[in-house]
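Visitor: For the working numbering, count along the sequence shown from 1 and bump the result up by 316.
We treat Cβ as the ideally placed atom computed from N, Cα and C, and that holds for glycine.
If you scroll down you'll find the structure; I have some questions about it.
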Amino acid sequence: MGDLFDMSGKVALITGGSRGLGRAMALAFAERGADIVVTSRKIDNCEAVADEVRALGREALAHACHVGHWDELGALAEAAYDRFGKVDVLVNNAGMSPLYPKLSAVTEDLFDKVVGVNLKGPYRLSALVGERMAEGDGGAIINVSSTAAVHATPDSEPYGAAKAGINSLTLSLARGFGPKVRVNCIQAGPFLTDISKAWDMPSFERNAKANIALQRGGEPEEVVGAALYLASDAGSFTTGTIIRVDGGSF
């Protein structure tokens, strides 16, 4: 069974790969033989994770990119293909959900940034990389969504709407890029990554006990099992699927 999760010889490009869920996936893929393209906005953070990948004996490329900026995504894709000649796995993980005091305080610029990072960027990068996958040996695209896409979540309305778009995009791209490219989605619940440092933790913990079956937030490494399944041959007959990794949120 272990061979099903082997990623030897594969190249994985992970947005938001310098911390949190992205870093956890990058290291897990590398441990199982994949070379990694790590991208986020700050090159120093990308290089730090790239060094961790190299310490595991794999190759890594660090590339700074703001996924909400359409024109930067072409350069990212080209850098990955120039270095490795292919991308076998694309993980659209980068996201943002800024706080705001009330709905009317959301500016047009803030709204556009949230949609840009959470929806526009994944669309564009999937188009650029997915077409090459489909023309070549195939591959896998993993989108990272959120429970905010399906649960009413006050104070994150633009974010939830964008992530609902990711769910829809996953189904459309699975049809559009099949049969050679599998496209799936991890619908993530609350994870205790860097973003949780801004949370009111006592309030979160009370809410978790009432509304999450496991009564807690997830640790970044707990996304790895689903990610490996979707990225590797273990998930060879799975596409157009949204997998909840949310501790049983309801």
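For Cys575, write down the residues that DSSP places opposite it in a beta bridge.
Guide: A question about residue 575 goes unanswered here, because the residues of the chain that appear run from 317 up to 566.
Visitor: Use the C-beta contact count for Met517: other C-beta atoms within 10 angstroms, 16 or more gives buried, fewer gives exposed.
Guide: Exposed is the call here.
Visitor: Can you check which of these residues, Lys418, Thr331, Val422 and Phe520, is closest to Leu377 by C-alpha distance?
Guide: When each option's Cα is compared against that of Leu377, the closest is Thr331.
Visitor: Check Leu329 in the structure and name its three-state DSSP category.
Guide: DSSP places Leu329 in strand when its eight states are reduced to three.
Visitor: When the distance is taken between beta carbons, is Met341 closer than 8 angstroms to Val407?
Guide: For Val407 and Met341, yes; Cβs fall inside 8 angstroms.
Visitor: Is the number of C-beta pairs between the stretch 363-372 and the stretch 384-391 that are closer than 8 angstroms three or more?
Guide: The stretch 363-372, when compared against the stretch 384-391, does not touch it at the 8 angstroms Cβ threshold.
Visitor: Quick one, are the C-beta atoms of Leu392 and Ser442 less than 8 angstroms apart?
Guide: Going by C-beta atoms, Leu392 is not nearer than 8 angstroms to Ser442.
Visitor: Using CA atoms only, rank isn't needed, just tell me which of Pro470, Glu394 and Gly338 is closest to Leu419.
Guide: Among Pro470, Glu394 and Gly338, the Cα nearest to that of Leu419 belongs to Pro470.
Visitor: Look at the alpha carbon of Asp425 and the alpha carbon of Ala468, and state the distance between them as a whole number of angstroms.
Guide: C-alpha separation (whole angstroms): 23 angstroms.
Visitor: Helix, strand or coil for Val369? Go by DSSP, reduced to three states.
Guide: Val369: helix per DSSP, three-state reduction.
Visitor: Report the residue from Ile352, Ala465, Gln531 and Pro474 whose alpha carbon sits nearest the alpha carbon of Lys402.
Guide: Closest by alpha carbon: Ile352.
Visitor: Consult DSSP for Arg560 and reduce its assignment to one of helix, strand or coil.
Guide: Arg560: strand per DSSP, three-state reduction.
Visitor: Within the continuous alpha helix (DSSP H) that includes Gly455, where are the two ends?
Guide: It is not in any alpha helix (DSSP H) - Gly455 instead sits in the beta strand (DSSP E) that spans Gly455 to Ser462.
Visitor: With contact counted as at least three CB pairs below 8 angstroms, one residue from each stretch, are the stretch 426-442 and the stretch 530-541 in contact?
Guide: With the cut-off at 8 angstroms, the stretch 426-442 and the stretch 530-541 do not touch.
Visitor: In the DSSP assignment, find the unbroken beta strand (DSSP E) run with Arg498 in it and report its ends.
Guide: First-last of the beta strand (DSSP E) with Arg498: Val497 to Ala504.
Visitor: Quick check: what's the CA-CA separation for Met412 versus Leu337?
Guide: Going from the Cα of Met412 to the Cα of Leu337 covers about 13 angstroms.
Visitor: Closest to Ala504 by C-alpha separation, out of Ala396, Ala410 and Thr554, would be which residue?
Guide: Comparing Cα positions, the closest option is Ala410.
Visitor: Determine which residues share a DSSP beta bridge with Val405 and list them.
Guide: Answer is Ala328 and Ala456.
Visitor: Any heavy atom of the ligand GTP closer than 7 angstroms to the beta-carbon of Gly452?
Guide: This structure does not include the ligand GTP; it has no bound ligands of any sort.
Visitor: Compute the distance between the beta-carbons of Thr557 and Asn483, then report whether it is under 8 angstroms.
Guide: The answer is no: Cβ separation not under 8 angstroms.
Visitor: Could you check what DSSP says for Val466 in three-state terms: helix, strand or coil?
Guide: It is coil, neither helix nor strand.
Visitor: Output yes or no for whether 8 angstroms exceeds the beta carbon distance between Ile457 and Val497.
Guide: Closer than 8 angstroms, so yes.
Visitor: Helix, strand or coil for Ala547 per DSSP?
Guide: The answer is helix: DSSP assigns Ala547 an H, G or I state.
Visitor: Could you compute how far the alpha carbon of Val540 sits from the alpha carbon of Arg348?
Guide: If I take the Cα positions, the gap works out to 12 angstroms.
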